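Read in my numbering, the sequence shown has 343 at position 328, and its numbers run on one by one without any break.
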Amino acid sequence: MNPKARFNLAYLIFAFFLIVCFTRGGPIYSSAHIPFSEFQTLLEGNKISEVVINDNQIIGKLKDPQGSEKKQFATNRVEPDIAKLLDAHGVKYSRVIQNGFFKDLLSWVVPVFVFFGLWLLLMRRMGGGRGGMGGFMSVGQSKAKIYVEKDTKVTFKDVAGVEEAKEELKEIVDFLKDPKSYGRLGARVPKGILLVGPPGTGKTLFAKAVAGEAGVPFFSISGSEFVEMFVGVGAARVRDLFEQARKKAPCIIFIDELDALGRARSVGGFSAGNDEKEQTLNQLLVELDGFDSSTGIIVLSATNRPEILDPALLRAGRFDRQILVDRPDKKGRVEILKVHSGKVKLDPGTSLEQVAALTPGFTGADLANLVNEAALVATRRKAEQINLSDFTAAIERMVAGLEKKNRLLNPEERKVVAYHEMGHALVAGCLPSADPVHKVSIIPRGMGALGYTLQRPAEDRYLMTLEELGNKMAVLLGGRAAEKLIFNHFSTGAADDIARATDIARSMATRYGMESSLGSVSYDSETGGYLGGAGAVNPFQYRRYSEETAREIDLSVKERVNQALLRAVTLIDANRGILEQGAQQLLEKETLVEEDLKTLFATLKREST
Ligand code: ADP
Ligand code: MG
Ligand code: ZN
């Protein structure tokens with residue numbers, strides 16, 4: 016920081032005294048103070064040439080001062096009645112005026128100092144508790160902590176079970192180790208990388224590991240540290256952070272919890288006026304655009320809520336590479352358990368596979384905690400080593416808490432979910448024109464989803480035909496069909512599938528004009544709600560069709576959904592063996608990818624067209 020800018024208290028005090036001396040100096044130092052009685056004597060002897068009288072003083076000049084006498088004098092007035100009395104008794108008297116100078120000084124200076132002190136205290140607090148007067152002058156500086164290799168000591172070995180993400184980040188490390196030769200073929204390394212995943216899956220750990228592996232300076236800051244009270248402070252911090260980074264390149268900037276600062280900007284909505292956040296975000300966008308990855312700076316960032324990020328942040332050239340750090344599957348959990356159990360005394364006979372099998376849905380952080388809990392259980396029973404029973408006891412203890420948080424499934428529910436998801440995949444496999452299934456998983460994901468089936472569109476599609484919509488509905492209802500066939504029950508797990516299938520059927524009748532009895536008529540007036548249309552239903556909207564038509568639409572929707580369900584049931588019934596097999600594999604491995612499904616579906620009886 017600039018030493019000249021430092022506020023000097025001494026200057027302030029000096030200036031203050033200077034002012035006091037100039038205003039008060041004259042009368043105090045150049046005149047003689049005399050008693051009032053002497054003044055009266057002088058007056059009677061005609062020795063005074065002129066006087067100036069104010070409230071409590073008489074200042075005057077002598078006609079001809081003698082010897083050491085000063086020409087000017089001052090005296091304090093005394094009440095005339097008392098003066099007469101005193102004169103009568105020959106008393107020498109004078110009035111004393113309490114010196115107002117120090118009183119004035121106190122009444123001015125004390126408040127000034129109190130306010131100055133308060134202000135200083137406040138500023139220092141906001142400056143992050145730095146010592147000295149410089150605290151508040153440095154509000155605009157970034158609070159990024161700089162780590163270098165030897166500080167973090169975390170390497171890729173410490174992060175387990177997320178192999179895909181690790182592969183991608185290794186590429187970044189290679190680049191940072193040798194930025195120059197990396198670009199020899201003209202390839203451009205992404206400058207912004209966003210780690211996305213649920214809390215506790217090791218995103219922060221990954222970022223540290225990248226720095227540890229690459230051995231370059233590592234600026235770590237949390238998104239919330241940019242959020243400040245004053246407009247402009249956050250933006251200044253961003254600027255400062257990138258400035259520092261440029262000096263230290265090649266290096267990594269890591270912004271943890273990006274969502275705190277990268278929230279989508281409001282479109283003149285309710286929260287307009289939140290200028291500070293917007294300015295900070297804009298500054299970040301500017302800085303991201305303002306450097307080239309060939310300079311050797313990589314911006315790494317982590318969030319567990321990518322959906323609320325401002326779209327501008329995710330644009331090409333900014334955080335254009337997203338790496339998913341998901342909950343680990345069983346194999347991954349074994350790896351993570353190995354990493355963490357290396358730090359405790361483990362009975363060599365303990366099967367970590369079994370522990371992993373008991374902990375579906377656990378994240379890396381949960382597993383790290385589990386190892387610790389198991390160690391505590393073992394300590395309590397005064398054992399020398401931790402064995403499987405300690406783990407099961409610890410799991411039981413943790414699951415109750417986690418169930419609320421993460422929706423951990425009991426074995427029976429897991430089985431239902433496995434059949435359900437396999438049902439989706441199987442129906443998709445049976446329909447020649449449906450999108451191929453990319454991945455089936457029973458690892459719970461996000462809010463509410465107990466498992467998921469990802470279909471990979473073969474190509475970008477903007478139009479869909481009646482047939483394709485029908486296929487989509489059948490796949491959506493495949494989950495319910497499988498549950499019905501195997502367990503002969505309906506469960507709540509299909510609610511979302513049903514809602515989506517119903518939406519499709521409804522749109523077919525009311526918007527796409529695909530129902531012959533209703534004709535090619537649009538019954539649905541899409542007004543676009545306040546918050547941007549799609550999905551926003553206006554309850555007061557004027558219905559533009561008759562009761563009979565409404566009934567017909569409902570019947571058509573019901574018919575279509577029922578038919579799709581029937582179709583799914585038929586397909587699954589024909590391939591029941593494969594469904595059983597697939598569900599079993601899913602329960603074991605938790606995730607099946609395209610290749611697994613290909614071998615599984617080799618003997619599939621497809622729908623004949
Ligand atoms: P996130 O930032 O994704 O919320 P963290 O990186 O803070 O999660 O993880 C918290 C802790 O959990 C880590 O310090 C580590 O001990 C443990 N952990 C999480 N994921 C893993 C993993 N993949 N391998 C090893 N340990 C992990
Ligand atoms: Mg984190
Ligand atoms: Zn489903």
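A virtual CB, placed ideally from N, CA and C, is assigned to each residue, including glycine. The structure presented is a predicted model; accordingly, all values stated were derived computationally and were not measured.
Extent of the continuous alpha helix (DSSP H) run through residue 503:
Counting along the chain, residue 503 falls outside any alpha helix (DSSP H), and DSSP gives it neither H nor E.
Quick one: does the C-beta of residue 317 sit closer than 7 Å to a heavy atom of the ligand ADP?
yes
Measure how close the beta-carbons of residue 468 and residue 439 come, nearest whole angstrom, since I'm counting them as under 8 Å.
4 Å
Using DSSP bridges, identify the partner residues of residue 631.
Past the edges of the chain, shown from 16 to 624, lies residue 631, and the structure says nothing about it.
For residue 413 and residue 252, the rounded distance between their alpha carbons:
40 Å
Report buried or exposed for residue 381, applying the criterion of at least 16 other Cβ atoms within 10 angstroms of its Cβ.
buried
Can you name the residues that DSSP bridges to residue 324?
278
What is the rounded straight-line gap between the Cα of residue 70 and the Cα of residue 290?
57 Å
From residue 217 to residue 340, what distance separates their C-alpha atoms?
7 Å
By the 10 Å Cβ neighbour count, where 16 or more other Cβ atoms means buried, how is residue 514 classified, buried or exposed?
exposed
Ignoring anything shorter than 3 residues or poking outside the region 312-363, list the beta strand (DSSP E) runs there in chain order.
312-318, 336-339
Ends of the beta strand (DSSP E) at residue 75?
72-77
Got a sec: does the ligand ADP put a non-hydrogen atom nearer than 7 Å to the Cβ of residue 585?
no
Does at least one heavy atom of the ligand MG sit under 7 Å from the Cβ of residue 223?
no
Using the rule of at least 16 other Cβ atoms within 10 Å of the residue's Cβ for burial, across every protein chain shown, is residue 271 buried or exposed?
buried
Under the three-state reduction of DSSP, which class applies to residue 48: helix, strand or coil?
strand
DSSP beta-bridge partners for residue 65?
76
Residue 481 to residue 537 span [Cα, whole Å]:
16 Å
Close-in-space but distant-in-sequence residues of the same chain around residue 33 (CB under 6 Å, 5 per side omitted):
none
If you draw a straight line from the alpha carbon of residue 274 to that of residue 256, how long is it in whole angstroms?
18 Å
Round the Cβ separation of residue 51 and residue 92 to the nearest angstrom and send it over; I've been treating them as touching at under 8 Å.
7 Å
Check whether the region 235-250 and the region 363-383 are in contact - that is, three or more C-beta pairs closer than 8 Å.
no
Give the range of the beta strand (DSSP E) segment to which residue 173 is assigned.
Counting along the chain, residue 173 falls outside any beta strand (DSSP E), and DSSP gives it neither H nor E.
Could you have a look at residue 377 and say whether DSSP puts it in helix, strand or coil?
coil
I'd like to confirm something about residue 512: is its beta-carbon nearer than 7 Å to some heavy atom of the ligand ZN, or not?
yes
Examine the ligand ADP and report whether any of its heavy atoms sits within less than 7 Å of the Cβ of residue 321.
no
Can you give me the C-alpha to C-alpha distance between residue 140 and residue 26, rounded to a whole angstrom?
24 Å
Separation of residue 619 from residue 484, as counted between CA atoms:
22 Å
Limits of the unbroken alpha helix (DSSP H) element including residue 577
562-589
What is the C-beta distance between residue 334 and residue 309, in whole angstroms, given that I count them as a contact (C-beta under 8 Å)?
That belief does not hold up - the Cβ atoms of residue 334 and residue 309 are roughly 18 Å apart, past 8 Å.
For residue 211 and residue 337, believed in contact at Cβ under 8 Å, the rounded distance
5 Å
Identify which residue in 200, 220, 496 has its Cα closest to the Cα of residue 170.
220
Return the residue from the list 450, 598, 222, 526 that minimises the CA-CA distance to residue 181.
222
Considering only the beta carbon of each residue, do residue 409 and residue 388 sit closer than 8 Å?
yes
What three-state label does DSSP hand residue 214 in the structure shown?
coil
heavy atom of the ligand ZN below 7 Å from residue 494 C-beta:
yes
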